[in-house]
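Asker:
Residue numbers (my numbering): -10 to 509.
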């Protein structure tokens, strides 16, 4: 059983003196030598700065509320560490895109890098030569023009999902099996069919750790790095035991699947996949370069593996949740599918351009349920003056993706799931904003976003072709529609819910039977 996430205040008493000395020595008075002000933000207190202003539960909403008072660029300090929250697309473009060289760094996390040993994950690599090498490998295998070679596998795992629904399998488990199974097949050429397979279960553990460790201010060891040396048996050092539990899973996820494929490839028994393609590029007579390339290859596979198991799955749950809350959207989508493709006929991924309403649903899903609501933090690499404000080197910068995707000045009725906001005259509106903030920003935007969007399109289109998605009923036959509630730390997802999948027609049943006959 996984240990509980320790409270951020567990060892505050023993660490307070060292903390006070550190802050008094360096930052507590908030001064800087530039002569310019910091961006606006809550004033805070001596020694602790803005600790009391930091929202630990649903932080994206907490920062959005603060931004209403202080603006779309907001400055805080956490025990002396400067932090910047950006809450508008304009600020994100100005800093993460136009000043990408300065704003593409990654803050060093003691918990993620040292205690959890997640330093191999691409998402937390600092900007530099190693990061660029990883990025090149990602583009080689996940750029939009590469995706067609994965379409047969996408069809196979989508069909497995449809059959699992017909057999009453749990929705969350069925969708995770399909999405994670597809990712593992593409990456490692291995066919998995259960969330209990180590290929999936280890990634689930790592996802849980990321969601906890990714919340700003969650662990005191980030502020007082020397606490990493506190033995796990010391009272209040539960964070050490918590990290050790997940560290083992991290190393398994990084090494075991890739080594399994490498061994099989040497024996000419591995199926063609991304891992074998990367292995084939390894140098034969340069041990140092071989070691470096193998690390990059393992990292690329492990990071993609994790995203498939966790974040894309969370988006899929958001779709099913939305269909329960907005049945009129479901009906409009089914009308388009029946009219354009035909009743009971599952559209091919290459027909996506013919289905603007389905595409609009995917776009609205990415906006409405911003799975990574604070995206991932960036680090300012040098002192910078922007819009009359001084932003010091070492500032941690978050783009509040959730705030941007729910800005009422950009999106009318932002809390409502409304695909029509992306349509004009029955077609996708090219002038509508692209809801990609949840994938990150600038040079650090998620390189797997194209594949994630295709997976979501396939699930949305195929499920709505064959099924009506309905809420369960109570003893009196009344529908039990869930409340629109979402949970999460660094990652957002719907709270647990139930749904019924009812085949839409005789044609839908016939299609299901045909899939069952040929599915592998």
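Every residue, glycine too, gets a C-beta built ideally from N, C-alpha and C.
Using beta-carbon positions only, say whether residue 469 and residue 460 come within less than 9 Å of one another.
Answerer: Cβ atoms of residue 469 and residue 460: closer than 9 Å.
Asker: Residue 273 by DSSP, collapsed to three states: which one?
Answerer: If DSSP states are grouped into helix, strand and coil, residue 273 belongs with coil.
Asker: From the DSSP output, which residues share a beta bridge with residue 491?
Answerer: According to DSSP, which records beta bridges pairwise, residue 491 is partnered with 457.
Asker: Look at the alpha carbon of residue 196 and the alpha carbon of residue 106, and state the distance between them as a whole number of angstroms.
Answerer: Taking the straight line joining both Cα atoms gives about 14 Å.
Asker: If you follow the alpha helix (DSSP H) that residue 236 is in, where does it begin and where does it stop?
Answerer: Per DSSP, residue 236 belongs to the alpha helix (DSSP H) from 227 to 255.
Asker: State the beta-bridge partners of residue 476 as determined by DSSP.
Answerer: Beta-bridge pairing links residue 476 to 482.
Asker: Return the chain-ordered list of same chain residues with a C-beta closer than 8 Å to the C-beta of residue 481, the five sequence neighbours on each side being excluded.
Answerer: Taken in chain order, the residues that qualify are 49, 303, 358, 359, 360, 361, 362, 391, 475.
Asker: Could you tell me which of 473, 491, 58, 193 sits nearest to residue 235, measuring between CA atoms?
Answerer: Per the Cα distances, 193.
Asker: According to DSSP, which residues form a beta bridge with residue 510?
Answerer: No answer is possible for residue 510: the residues shown for the chain start at -10 and end at 509.
Asker: As a quick exercise: from 503, 429, 465, 376, pick the residue whose alpha carbon is nearest that of residue 86.
Answerer: Per the Cα distances, 429.
Asker: For residue 161, which residues in the same chain have their Cβ closer than 6 Å to its Cβ, ignoring the five residues on either side in sequence?
Answerer: Correct list: empty, nothing qualifies.
Asker: Pull the bridge partners of residue 412 from the DSSP assignment, please.
Answerer: Paired residue(s): 417.
Asker: Look up residue 466 in the DSSP assignment and say whether it is helix, strand or coil.
Answerer: Coil at residue 466, not helix or strand.
Asker: Is the beta carbon of residue 313 less than 9 Å from the beta carbon of residue 486?
Answerer: Yes.
Asker: Let me check understanding here. Comparing Cα to Cα, which of 408, 433, 269 lies closest to residue 423?
Answerer: Of the listed residues, the one whose Cα sits closest to residue 423 is 408.
Asker: DSSP on residue 380, reduced to helix/strand/coil?
Answerer: Three-state result, residue 380: strand.
Asker: What did DSSP end up calling residue 505 once you bin it into helix, strand or coil?
Answerer: Looking at residue 505 - three-state DSSP - the assignment turns out to be helix.
Asker: Rounded to whole angstroms, what is the Cα-Cα separation between residue 371 and residue 37?
Answerer: Looking at the two C-alpha atoms, the distance is approximately 24 Å.
Asker: Note down the Cα distance separating residue 221 from residue 178, rounded to an integer number of angstroms.
Answerer: Their Cα atoms are separated by approximately 39 Å.
Asker: Under 8 Å Cβ to Cβ from residue 425, same chain only, skipping five residues before and after it: list those, please.
Answerer: If we look at residue 425 and ignore the five residues flanking it on each side, its Cβ neighbours are 355, 434, 438.
Asker: When the Cα of residue 338 is compared with those of 479, 145, 219, which residue comes out closest?
Answerer: Ranking 479, 145, 219 by Cα distance to residue 338 puts 145 first.
Asker: Pick out whichever of 291, 55, 458 has its Cα sitting closest to the Cα of residue 108.
Answerer: The shortest C-alpha separation from residue 108 is found at 291.
Asker: Please state if the CB of residue 368 and the CB of residue 344 are separated by a distance shorter than 9 Å.
Answerer: Taking 9 Å as the Cβ cut-off, residue 344 and residue 368 do not qualify as a contacting pair.
Asker: Taking the beta carbon of residue 13 as the centre, do at least 16 other beta carbons fall within 10 Å, making it buried, or is it exposed?
Answerer: Confidence at residue 13 is low in this model, with a pLDDT of 47, below 50, so the placement of that residue should be treated as unreliable; the coordinate-derived value is given next. That one is exposed.
Asker: Given this structure, state the Cα-to-Cα distance separating residue 6 from residue 213, to the nearest angstrom.
Answerer: Because residue 6 sits at a pLDDT of 42, beneath the cut-off of 50, its placement in the model cannot be relied upon, and the following sentence gives the value as read from the coordinates. Rounded to the nearest angstrom, the two C-alpha atoms are 11 Å apart.
Asker: Just list the residues that DSSP pairs residue 72 with in beta bridges.
Answerer: BP columns for residue 72 point to 65, 385.
Asker: What did DSSP end up calling residue 351 once you bin it into helix, strand or coil?
Answerer: Correct three-state label for residue 351: helix.
Asker: Which same chain residues, not among the five before or five after residue 229, have their C-beta less than 6 Å away from its C-beta?
Answerer: Counting only Cβ-Cβ distances below 6 Å, and skipping sequence neighbours, we find 221.
Asker: Starting from residue 375, follow its DSSP beta bridges and name the residues at the other end.
Answerer: The partner list for residue 375 (beta bridge, DSSP) reads 378.
Asker: Touch check for the segment 375 to 395 and the segment 23 to 34: three-plus C-beta pairs under 8 Å?
Answerer: The segment 375 to 395, when compared against the segment 23 to 34, does touch it at the 8 Å Cβ threshold.
Asker: Under a three-way DSSP split, which group does residue 216 fall into?
Answerer: Residue state, collapsed to three classes: helix.
Asker: Under three-state DSSP, which class holds residue 513?
Answerer: Residue 513 is absent from the model: the chain starts at -10 and stops at 509.
Asker: Suppose you measure from the CA of residue 444 to the CA of residue 23; what does that come to, to the nearest Å?
Answerer: Their backbone Cα atoms lie some 49 Å apart in a straight line.
Asker: Given residue 191, which residues of its chain have a CB within under 6 Å of its CB, disregarding the five upstream and five downstream residues?
Answerer: Hits under 6 Å: 238, 241, 242.
Asker: Give every residue of the same chain whose Cβ lies closer than 7 Å to the Cβ of residue 309, excluding the five residues on either side of it in the sequence, and list them in chain order.
Answerer: Within the same chain, residue 309 has close Cβ partners 160, 458, 488.
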